[in-house]
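Down below is the structure, laid out as structure tokens.
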Amino acid sequence: MKAAGRVTDLLLRRSARHPLAAASLVVLAVLTAPALAVSWITNGIWPPNDFSDLMQGAPASLLIPLLGVAVSVVVGTSCGLVAGVYAGHFNSLVGWVAYVTASVPALIFLVVVMVDSSRSLTGAMVIFGALLTIPFFLLARSTVVSVEHRPTVHALRAQGLTAVRLLVRSVFPALRYPLLALVLIESSVLVSIHALLTFLGLGGETGPSWGAQAREALQNMPTTPPYSWGPSALLLLTVAALATLGLSILRAQRLLTPTGSPVRSADGEEQWLLDEPLPSTWFRSSALLDVRGLKIRSESNPESPEIVSGISLTIARGEVVALLGEANSGALEIALAIAGLLGPRTTISGGSILFDGIEVVGMTERSLSRLRGTGVSYLPSDPLSSLDPAFSVARHLQAPLTKTVGLSRSGAAARSVELLARVGFRDPRAILALRPADLTPIMAARVLIAGAISCDPHLVIAHEPTSTLSGADEADILRLLHGLQEERGLTVIVVTHRVRLLAASCRQVAVVQAGMIVEHASVSDLFDAPQHPYTRELLSRDASR
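The numbers in the UniProt record's numbering rise by one with no breaks, and the one at position 401 of the sequence shown is 401.
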């Protein structure tokens with residue numbers, strides 16, 4: 001059930017961010033699946049060559065090809081897992097068989113089928129599925145090998161980690177998404193091949209199918225009624241939807257792969273990014289944010305100490321957490337790494353950042369730009385200097401609404417008015433026409449907050465959100481952030497060196513010193529009984545001001 005939930009979550013998340021994936025999911029959920037169900041319910045009710053034909057063609061056109069896909073998945077994945085775990089002679093034998101199978105051109109099989117037109121298409125799809133086991137075999141075997149090569153797994157195997165626990169703990173979580181993608185892609189291939197064979201009239205009688213119905217519609221042109229082209233249209237939509245959704249998930253896999261890939265050090269030795277085993281992504285993604293073994297260093301001076309030295313941090317959904325530390329503590333760099341905003345001369349040298357089930361480390365800039373705004377929003381410490389003086393407030397707010405959310409210009413304008421009214425402006429339409437030079441610090445702060453929540457992010461990172469404000473304005477902004485957090489269920493990270501900001505804005509505090517989290521506690525526990533000397537120093541320094 002949990003695995004099905006994670007797969008469903010991935011499909012919905014990809015669909016929300018990718019229009020083609022969304023359209024594919026609609027086709028499969030609204031057209032194809034009901035066609036299978038209705039075909040059994042309505043069998044014989046409607047007259048032939050009408051709606052009945054369209055529906056009754058679904059089982060033969062979809063279920064018979066899916067039988068071949070099932071053969072590919074079961075045989076290829078099972079052999080790949082066994083070959084990866086036990087290696088040795090079995091690995092060599094099955095690998096040789098797989099490569100021999102893959103060397104048989106599919107066209108040869110099609111010729112055999114065309115020569116013997118009495119061959120059952122059900123058997124043909126099973127045989128063809130067996131010929132297409134190689135992608136599943138290679139995927140499963142390579143996943144096991146990549147997991148087993150981790151030093152931590154070597155150590156656990158030496159301590160008695162069984163093959164079954166290895167598969168459940170590490171291999172299956174890494175395998176499920178690319179396996180789903182391959183299933184969808186191969187389904188589109190076999191549905192197409194089945195349609196081609198039935199269109200050509202090969203394979204004997206397997207009941208009505210969309211391919212045969214498309215042949216009849218083509219043969220009866222130009223007197224073919226419009227509804228007779230329904231099977232052809234539904235066939236093309238189904239094949240395109242399966243392939244598009246599979247490719248979309250396969251592309252997303254680059255974002256979901258845990259950071260366990262090897263990197264090479266300066267002397268050419270292969271090293272792994274994590275010094276500790278990662279828990280299953282099923283467990284890690286139960287929190288909104290899970291950071292493990294994060295390391296950050298400056299590229300401008302490789303000999304200098306790491307800015308962040310292997311910190312780990314887990315933040316639940318809806319939590320408000322402070323990263324408390326001075327300017328050189330590494331707290332800001334941790335937040336920037338989570339938001340994908342590290343400077344060009346600063347890089348993540350190790351670790352993993354799992355945000356809402358997606359691996360942030362190793363993301364392309366294009367993927368990071370999609371993540372920012374819809375997933376993570378960042379509020380800089382100086383609002384006035386963060387706004388481009390060449391653009392109006394309207395341009396600052398409407399650009400992400402049109403590009404990221406996809407609103408029209410009129411929709412973005414209306415949404416901007418709503419956002420400005422929500423953050424406290426009495427005349428939001430007048431504010432839209434202003435430029436940054438016309439704004440006071442608190443007005444600029446409100447504009448930035450409106451922009452930060454415009455795309456409905458899950459996480460807001462605020463760096464010294466009130467550092468440029470007076471006492472009264474600071475209280476107003478903190479009340480605004482608190483209200484938005486409760487209203488929208490936001491998760492908030494506040495990066496600050498001011499202890500007095502904690503009581504008014506946060507529930508949990510992670511104290512950062514020299515790139516390490518030296519203390520993690522609730523705000524009340526931190527004030528009542530600070531444990532680390534650095535925490536006590538910050539508290540006493542703030543009390544003396």
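Idealized CB from N, CA, C, for every residue including glycine. Quantities reported herein were computed from a predicted structural model and do not represent experimental measurements.
How close, in whole Å, do the beta carbons of leucine 368 and alanine 510 come, if the pair is a contact with beta carbons under 8 Å? At roughly 23 Å, the Cβ-Cβ gap does not stay under 8 Å, so leucine 368 and alanine 510 are not in contact.
Using three-state DSSP, classify isoleucine 127 as helix, strand or coil. helix
Assuming contact is defined by CB atoms lying nearer than 8 Å, are alanine 337 and alanine 316 in contact in what I supplied? no
Who are the near neighbours of alanine 394 in its chain, counting only those whose CB is closer than 8 Å to its CB and skipping five residues on each side? Ala413, Ser416, Leu432 and Ala433
Alpha-carbon spacing of valine 82 relative to leucine 342, whole angstroms: Taking the straight line joining both Cα atoms gives about 42 Å.
Same chain only: Cβ atoms within 7 Å of aspartate 542, ignoring 5 sequence neighbours per side: Arg498, Val499 and Arg500
Please classify valine 523 as buried or exposed, where buried requires at least 16 neighbouring CB atoms within 10 angstroms. buried
So, are the CB atoms of alanine 241 and leucine 28 less than 8 Å apart? yes
Go through its chain and collect everything with a Cβ distance to arginine 536's Cβ below 8 Å, but skip five positions before and after it. So the list reads Pro530, once near-sequence residues are dropped.
Residue ranges of each alpha helix (DSSP H) run of no fewer than 4 residues wholly in the region 293-358, ordered along the chain? 331-339
Cβ-based neighbour list, alanine 331, same chain, cut-off 6 Å, excluding 5 preceding and 5 following: Leu323, Gly325, Val495 and Val512
To test your reading of the DSSP string, which unbroken beta strand (DSSP E) runs of 3 or more residues are found completely within the region 428-469? Runs of the beta strand (DSSP E) spanning 3 or more residues and lying entirely within the region 428-469 occur at 459-463, in chain order.
Along the alpha helix (DSSP H) that carries threonine 198, what are the first and last residues, could you check? 172-199
Serine 352 burial status per 10 Å Cβ neighbour count (16 or more: buried): buried
Buried or exposed, going by whether 16 or more other CB atoms sit within 10 Å of the CB of glutamate 333? buried
Does the beta-carbon of serine 304 have 16 or more other beta-carbons within 10 angstroms, so that it is buried, or is it exposed? exposed
Presumed contact (8 Å Cβ cut-off) between alanine 472 and leucine 379, rounded CB distance: Incorrect: roughly 19 Å between the Cβ atoms, too far for contact.
On the DSSP letters alone, give me the boundaries of the beta strand (DSSP E) that serine 374 sits inside. In the sequence as presented, serine is not what sits at residue 374; that position holds threonine. From DSSP, threonine 374 is part of no beta strand (DSSP E) but of the alpha helix (DSSP H) over 365-374.
CB-CB under 7 Å to glycine 340, same chain, minus the five flanking residues each way: which ones, in chain order? Excluding sequence neighbours, glycine 340 sits near Val360, Met363, Leu368, Leu371 and Arg372.
Which residues in the same chain have their Cβ closer than 6 Å to the Cβ of glycine 76, if we skip the five residues on either side of it in sequence? Result list for glycine 76: Thr133, Phe136 and Phe137, in chain order.
Nearest residue (CA-CA) to alanine 195, options Arg366, Glu216, Tyr177 and Pro344: Glu216
Label proline 430 either buried or exposed according to how many other C-beta atoms from any shown protein chain fall within 10 Å of its C-beta, with 16 as the threshold for buried. Note that residue 430 is alanine in the sequence shown here, rather than proline. Exposed, by the Cβ-count rule.
Write down the C-beta distance between alanine 444 and leucine 387 rounded to the nearest angstrom, noting that I regard them as a contact closer than 8 Å. 6 Å
Rounded separation between arginine 426 and aspartate 476 - CA only: 15 Å
Measure how close the beta-carbons of valine 71 and glutamate 186 come, nearest whole angstrom, since I'm counting them as under 8 Å. Not really, about 10 Å apart at Cβ, beyond 8 Å.
With 16 other Cβ atoms within 10 Å as the buried cut-off, status of alanine 437: exposed
Give me the residue from Gly318, Val308, Arg345 and Asp290 with the minimum Cα distance to glutamate 299. Taking only the C-alpha atoms, the option nearest glutamate 299 is Arg345.
On the DSSP bridge assignment, give the partners of threonine 404 in chain order. Answer is none; threonine 404 lacks a bridge partner.
Is the beta carbon of serine 349 sitting closer than 8 Å to the one on methionine 516? The Cβ atoms of serine 349 and methionine 516 lie no closer than 8 Å to each other.
Closest by C-alpha distance to phenylalanine 199, when choosing among Gly424, Ala327, Leu121 and Val376: Leu121
C-alpha gap between arginine 479 and valine 239, whole angstroms: 52 Å
Give a yes or no on whether 8 Å exceeds the smallest Cβ distance from isoleucine 338 to chain B. Checking the listed chains, one finds no chain B in this structure; it contains a single protein chain.
Consult DSSP for histidine 482 and reduce its assignment to one of helix, strand or coil. helix
Close beta carbons around alanine 504, own chain, < 7 Å, minus the five adjacent residues each side: Cβ within range, chain order: Leu478.
If you draw a straight line from the C-alpha of phenylalanine 128 to the C-alpha of proline 400, how long is it? 48 Å
Would you kindly check if the distance between the Cβ of glycine 451 and the Cβ of leucine 397 is under 8 Å? yes
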